[in-house]
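Undergrad: Just dropping this structure here.
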Amino acid sequence: LTSLSVDVDIELFQNRCLAHIINLIVQNGIKKIKHIINKVRDCIKALHTSPKCRQAFIDACNYEDIGVMIPPLDCVTRWNSMFLMLDSAIKVKKALLRLKNRDYLFSDLPSEDE
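Now the structure itself:
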């Protein structure tokens, strides 16, 4: 009976939690596209801090006939905030690409291929 409990404890110790495995996979993916994420973050930060950038973005959204939605900045303490930031940026991608081509403040945005 004692040897059985030792075997079970060792087996449980060696199995990783599925959530931990998924987290490791996501963190590895984030490392590979970190330069793209940083470009998006910098542009969204400009939208939040500069009235000129914000107005240019609103004008671009209106020109592209998409709803005006300023993407939220991500936050270290909220696990899903990076996803929400990137998802929101994808929704207003046309406006951001328009700004990339017209305004030097947005020239660091990722390219269409990135």
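Position one of the sequence shown corresponds to residue 34 (this note's numbering), numbered consecutively onward.
Ideal placement from N, C-alpha and C gives every residue a C-beta, glycine not left out.
Fair warning: this is a prediction, and the values are worked out from it, not measured in the lab.
1) Identify whether residue 92 lies in helix, strand or coil by the three-state DSSP scheme.
2) In the DSSP assignment, the alpha helix (DSSP H) including residue 181 goes from what residue to what residue?
3) Note the first and the last residue of the continuous alpha helix (DSSP H) segment covering residue 159.
4) Secondary structure at residue 111, three-state DSSP: helix, strand or coil?
5) For residue 105 and residue 119, which I take to be in contact (beta-carbon distance under 8 Å), what is that distance rounded to the nearest angstrom?
6) Is the Cβ-Cβ distance between residue 102 and residue 124 less than 8 Å?
7) Give the DSSP-derived three-state secondary structure of residue 101 in the structure shown.
TA: On the basis of the supplied data:
1) What you label residue 92 is simply residue 59 of the sequence shown in a count that begins at 1. If DSSP states are grouped into helix, strand and coil, residue 92 belongs with the helices.
2) Here the chain comprises residues numbered 34 to 147, so residue 181 is not present and cannot be evaluated.
3) In the structure as shown, the chain begins at 34 and stops at 147. Residue 159 is therefore absent and cannot be evaluated.
4) Within the sequence shown, residue 111 is the residue found at index 78, counting from 1. Correct three-state label for residue 111: coil.
5) As a first step, residue 105 is located in the sequence shown; it is residue number 72 there, counting from the start. As a first step, residue 119 is located in the sequence shown; it is residue number 86 there, counting from the start. Between residue 119 and residue 105 the Cβ distance is about 10 Å, and since that is not below 8 Å, they are no contact.
6) Start at 1 with the first residue of the sequence shown, and residue 102 comes out as number 69. Start at 1 with the first residue of the sequence shown, and residue 124 comes out as number 91. A contact, by the Cβ cut-off of 8 Å.
7) For the purposes of this step, residue 101 is identified with residue 68 of the sequence shown, where counting begins at 1. DSSP, read as helix, strand or coil, puts residue 101 in coil.
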